[in-house]
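**Student:**
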Amino acid sequence: MAGSAPAPAAPASAREPLLRRLLTRRAAAFGLAVVVLFGVVALAAPLLAPADPLATSFGAIRKAPSAAHWMGTDEIGRDVFARVLFGARASLLAGIVSVLISLSIGVPVGLLAGYAGGLTDQLISRLTDALLACPFLILAIALAAFLGPSLTNAMIAIGISATPIFIRLTRGQALSIKAEDYILAARAVGNPGWRVALRHVLPNAAPALIVQSTLAIAAAIIAEASLSFLGLGQQPPAPSWGSMLNTAKNYVGNAPWMAVWPGLSIFLLVLSFNLVGDGLRDALDPRRTPGA
Amino acid sequence: MLTFLARRIAIVVPTLVFVSMLIFSLQQLLPGDPAVVLAGEDRDPAVVAYLRGKLHLDEPLAVRYALWVKGVLQGDLGESQRMQKPVLGLILEKLPVTLELAALAMAIALCIGIPAGVLSAVRRGTAWDYAASMVALWGLSTPNFWLGILMILLFSVTLGWLPASGYVSPFEPARATLAGWGRPACVVGTAIAAVLMRHTRSAMLQVLSSDYVRTARAKGLAEPRVVLLHALRNALIPIVTLGALELGTLLSGAVLTEQVFTIPGFGKLIVDAVFNRDYAVVQGVVLFTATAYIALNLLADVAYVLIDPRIRVS
Chain R
6 MAGSAPAPAA
16 PASAREPLLR
26 RLLTRRAAAF
36 GLAVVVLFGV
46 VALAAPLLAP
56 ADPLATSFGA
66 IRKAPSAAHW
76 MGTDEIGRDV
86 FARVLFGARA
96 SLLAGIVSVL
106 ISLSIGVPVG
116 LLAGYAGGLT
126 DQLISRLTDA
136 LLACPFLILA
146 IALAAFLGPS
156 LTNAMIAIGI
166 SATPIFIRLT
176 RGQALSIKAE
186 DYILAARAVG
196 NPGWRVALRH
206 VLPNAAPALI
216 VQSTLAIAAA
226 IIAEASLSFL
236 GLGQQPPAPS
246 WGSMLNTAKN
256 YVGNAPWMAV
266 WPGLSIFLLV
276 LSFNLVGDGL
286 RDALDPRRTP
296 GA
Chain D
409 MLTFLARRIA
419 IVVPTLVFVS
429 MLIFSLQQLL
439 PGDPAVVLAG
449 EDRDPAVVAY
459 LRGKLHLDEP
469 LAVRYALWVK
479 GVLQGDLGES
489 QRMQKPVLGL
499 ILEKLPVTLE
509 LAALAMAIAL
519 CIGIPAGVLS
529 AVRRGTAWDY
539 AASMVALWGL
549 STPNFWLGIL
559 MILLFSVTLG
569 WLPASGYVSP
579 FEPARATLAG
589 WGRPACVVGT
599 AIAAVLMRHT
609 RSAMLQVLSS
619 DYVRTARAKG
629 LAEPRVVLLH
639 ALRNALIPIV
649 TLGALELGTL
659 LSGAVLTEQV
669 FTIPGFGKLI
679 VDAVFNRDYA
689 VVQGVVLFTA
699 TAYIALNLLA
709 DVAYVLIDPR
719 IRVS
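So the sequences go chain by chain: R and D.
Count along the first sequence from 1, then add 5; that gives the number in the working numbering.
Count along the second sequence from 1, then add 408; that gives the number in the working numbering.
(1) Quick one: what does DSSP say D84/R is sitting in, helix, strand or coil?
(2) Mind pulling the chain R residues with CB within less than 8 Å of G497/D?
(3) Work out the CA separation of V471/D and S488/D for me, nearest whole Å.
(4) So that I know if they touch, is there some Cβ in chain R lying closer than 7 Å to that of A711/D?
(5) Going by DSSP, name the residue or residues bridged to E487/D.
(6) Can you grab the Cα-Cα spacing for the pair M542/D / P197/R, in whole Å?
(7) Does DSSP put A601/D in a helix, a strand or coil?
(8) Take every Cβ of the region 169-177 of chain R, pair it with every Cβ of the region 106-120 of chain R, and state whether three or more of those distances are shorter than 8 Å.
(9) Exposed or buried, which one is Q217/R when buried takes at least 16 other CB atoms within 10 Å?
(10) Starting from the Cα of G692/D, find the closest Cα among V456/D, K502/D, Y458/D, A517/D and give me that residue.
(11) Whose CA, out of A711/D, G675/D, A708/D, lies closest to the CA of I499/D?
(12) Are there 16 or more other CB atoms within 10 angstroms of the CB of A593/D, so buried, or fewer, so exposed?
(13) Using a Cβ-Cβ cutoff of less than 6 Å, which residues in the same chain neighbour P632/D once the five nearest sequence positions on both sides are dropped?
(14) Who are T78/R's beta bridge partners in DSSP?
(15) On a Cα-Cα basis, can you pick out the residue from P261/R, A230/R, F151/R that is closest to L438/D?
(16) Measuring only the C-alpha atoms, how far is L285/R from V495/D?
(17) So which residues on chain R does G656/D lean against when the C-beta distance must stay under 7 Å?
(18) At 7 Å on the CB atoms, spell out the chain R contacts of S660/D, in chain order.
(19) If we count the other Cβ atoms within 10 Å of its Cβ and call it buried at 16 or more, is M6/R buried or exposed?
(20) Whole angstroms are fine: how far does the CA of C519/D sit from the CA of V635/D?
(21) Grab me the residues of I715/D's own chain with a C-beta within less than 8 Å of its C-beta, minus the 5 sequence neighbours each way, in chain order.
(22) Under a Cβ-count criterion, where at least 16 other Cβ atoms within 10 Å of its own Cβ denotes burial, should R451/D be classed as buried or exposed?
(23) Mind pulling the chain D residues with CB within less than 7 Å of N279/R?
(24) Between V85/R and W199/R, is the Cβ-Cβ spacing less than 7 Å?
(25) Determine whether the Cβ of L289/R lies closer than 7 Å to any Cβ atom of chain D.
(26) Could you work out which residues of chain R lie near Y473/D, taking near to mean beta carbons separated by less than 8 Å?
(27) Looking only at C-alpha atoms, which of L128/R, A223/R, A72/R, M249/R sits nearest to N279/R?
(28) To the nearest angstrom, report how far apart M605/D and A524/D are at their CA atoms.
(29) Excluding sequence positions up to five away, which residues of its chain have a Cβ less than 6 Å from the Cβ of W589/D?
(30) Can you have a look at G440/D and say buried or exposed, based on whether 16 or more other CB atoms are within 10 angstroms of its CB?
(31) Around the Cβ of G195/R, are there at least 16 other Cβ atoms within 10 angstroms (buried) or fewer (exposed)?
(32) In chain D, which residues lie less than 8 Å from L235/R when you measure between Cβ atoms?
(33) Skipping 5 residues on each side, what residues in its chain have a beta carbon closer than 7 Å to that of Y701/D?
(34) Quick one, which residues of the region 101-131 of chain R are near chain D if we go by CB-CB under 7 Å, in chain order?
(35) What are the boundary residues of the alpha helix (DSSP H) that includes E229/R?
(36) Which whole-angstrom value describes the C-beta separation of A50/R and L90/R, a residue pair presumed to lie in contact below a C-beta threshold of 8 Å?
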């Protein structure tokens, strides 16, 4: 038989763009659509809101949903729909900024631990264990308490609390990637360690980090809502879903709509990020097939 | 076993040192002079001077840390500024309430999570599997304080069956205890059930495809016997570790749930301390929680070695 057999082609699914692979998963596509919708709502809130989210009306206190107020009004007559729309800003901002903080600390530190090894790795690993030993929300509450209650400090607190997960993930990825032949080859041709780490290790660790970031945004949104619910996040009168629920719990008996809509919004947004995260994990793993 | 224990303790000690440093450094985050901040709004110079001396603020940072650690090792976690009581005493006073909530929540999580995980793995790819996965995703995505509010809305406001909130002592009749604790325990338990379900499913799928399960089936054993006695018994081993890891979720859930249902536990202690700027209590609670978490993980690792002979041999 003349000629050699062609090299085995990569599976068709592996060559497709990530977005297309993600969209073939119905649940992930639904999640992505909802995330995009919330993103648009957050950006266009001033255009979409039927009223000023801060405007009080003592003639419309705790009014049930109606044509004038689609989601009803709160305890000082503010439009719940307008507040839910503006509340999306705080939630999305907190989710994304917190994870960016975690990534900006966790990835370099994890890369250093995994790539350098030795005493550096030992020290960083013990520090990571120490951070992981403090339950996520309790550490975030403590940090927010000492920094002072505000949305910015809540984002910092959540970001720092979520950092050890990224350190551990990046370290694990770096440890497994640095044992690959192409890393040995990159080092053999004289590349300095930092270049190998940044140019070769980091890009290969990116898929796992992308999946974790998406799931971490979901956790950060719940954490921001939790801190705001406790009064440690977004401060009144600025709208936030968590602080809206904190007020709503005092009026469950006579104005249940105050609790339903912000809670449903948190649930939908978190669920959507979780669906996208699960979908990305499947799409980036060639062993998984759509719908598996 | 002793070598394993010594190796684990060698890791635990530096972790505890880092935990103590981390929690001590929280005080350094306070804007301005900690003595002035802790003295409250009056900022009475006498109080400020007293606090400065008590907290050794004139000493170098390393000396302050050493003095603080010395106190902690002697069981002195500081004193609550507001209640004028030792922090350790306050924690031990509130802890039983939260432990009761945590135990009930864990029981609910085990009762839902493990059967759902087993069912999902055994009926992989069927409607049961998808339904269980959807329920797990719902549990992971629902903020537990919202679920608590919805339960109050349903059981107290709409149906009028239960009081909206309040603490019921475990020494009350069983029905009253269940009425008081059922909803808070469900709220905390569902999130953990979701995690347990996912882990049980994944562990069961791995075990079900192993050789000894195939052998058990080849011997003609009934499927329920294969699943429950051969597969589940081995799949449950990693769940021991997971149970310890979920302590964080339990306590975080308890903080929020105790707020919703006005339960005077550990969670309410930290939240009240935050709002009263009772920083020694906040530090004490975080230190206590982290130490308990590390100790539980060590115990889980030991249990893991004891129940899994393969790890002992390796």
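Here a beta-carbon is modelled for each residue, glycine too, at the ideal position from N, C-alpha and C.
Every value quoted in this text rests on a predicted model; they were computed, and no experiment measured them.
**Tutor:** Let me spell this out:
(1) D84/R: strand per DSSP, three-state reduction.
(2) For G497/D, there are no neighbours in chain R by C-beta distance under 8 Å, as the nearest C-beta there is about 20 Å away.
(3) Each residue's alpha carbon lies about 22 Å from the other.
(4) Not one beta carbon of chain R lies nearer than 7 Å to the beta carbon of A711/D.
(5) BP columns for E487/D point to P494/D.
(6) Cα to Cα, M542/D sits roughly 48 Å from P197/R.
(7) In this structure, A601/D counts as helix in the three-state DSSP scheme.
(8) Segments in contact, yes.
(9) Taking a 10 Å sphere around the C-beta of Q217/R, we find 16 or more other C-beta atoms and assign the residue as buried.
(10) Looking from the CA of G692/D, the closest CA among V456/D, K502/D, Y458/D, A517/D belongs to K502/D.
(11) Out of A711/D, G675/D, A708/D, the CA that lies nearest to the CA of I499/D is found in G675/D.
(12) A593/D should be labelled buried.
(13) If we look at P632/D and ignore the five residues flanking it on each side, it has no Cβ neighbours.
(14) Answer is D84/R.
(15) Looking at the Cα atoms, F151/R is the closest of the given residues.
(16) Straight-line measurement puts the Cα of V495/D at about 46 Å from the Cα of L285/R.
(17) Ordered by position in chain R, the residues that pass the 7 Å Cβ test against G656/D are P140, F141.
(18) Within chain R, the residues near S660/D are P140, F141, L142, I143.
(19) Because the pLDDT at M6/R is just 38, under 50, the model does not fix this residue reliably, and the value given afterwards should be weighed accordingly. Taking all protein chains in view, the Cβ of M6/R is surrounded by fewer than 16 other Cβ atoms within 10 Å, so the residue is classified as exposed.
(20) Here the alpha carbons of C519/D and V635/D stand approximately 17 Å from one another.
(21) Cβ neighbours of I715/D beyond the five flanking positions: I645, V648.
(22) Classification of R451/D: exposed, given that the 10 Å Cβ count is below 16.
(23) The contacting residues are L545, L548, S549.
(24) Annotated as distal: V85/R and W199/R, with beta-carbon spacing of 7 Å or more.
(25) Chain D, which has no Cβ nearer than 7 Å to the Cβ of L289/R, makes this no.
(26) Using a Cβ-Cβ cut-off of 8 Å, Y473/D is close to nothing in chain R; its nearest Cβ partner there is about 14 Å away.
(27) A check of alpha carbon separations from N279/R across L128/R, A223/R, A72/R, M249/R identifies A223/R as the nearest.
(28) Going from the Cα of M605/D to the Cα of A524/D covers about 6 Å.
(29) Only L512 meet the Cβ criterion.
(30) By the Cβ neighbour-count rule, G440/D is exposed, with fewer than 16 other Cβ atoms within 10 Å of its own.
(31) In the assembly as shown, G195/R is an exposed residue. Its beta-carbon has fewer than 16 other beta-carbons within 10 Å.
(32) Per Cβ cutoff of 8 Å: V663, L664, Q667, V679, V682.
(33) Once the five neighbours on either side are set aside, the close Cβ partners of Y701/D are L655, G656.
(34) Of all residues in the region 101-131 of chain R, the ones placed with a Cβ closer than 7 Å to any Cβ belonging to chain D are R131, in chain order.
(35) Counting along the chain, the alpha helix (DSSP H) containing E229/R begins and ends at 207-234.
(36) Contact between A50/R and L90/R holds: CB atoms are separated by about 4 Å, below the 8 Å threshold.
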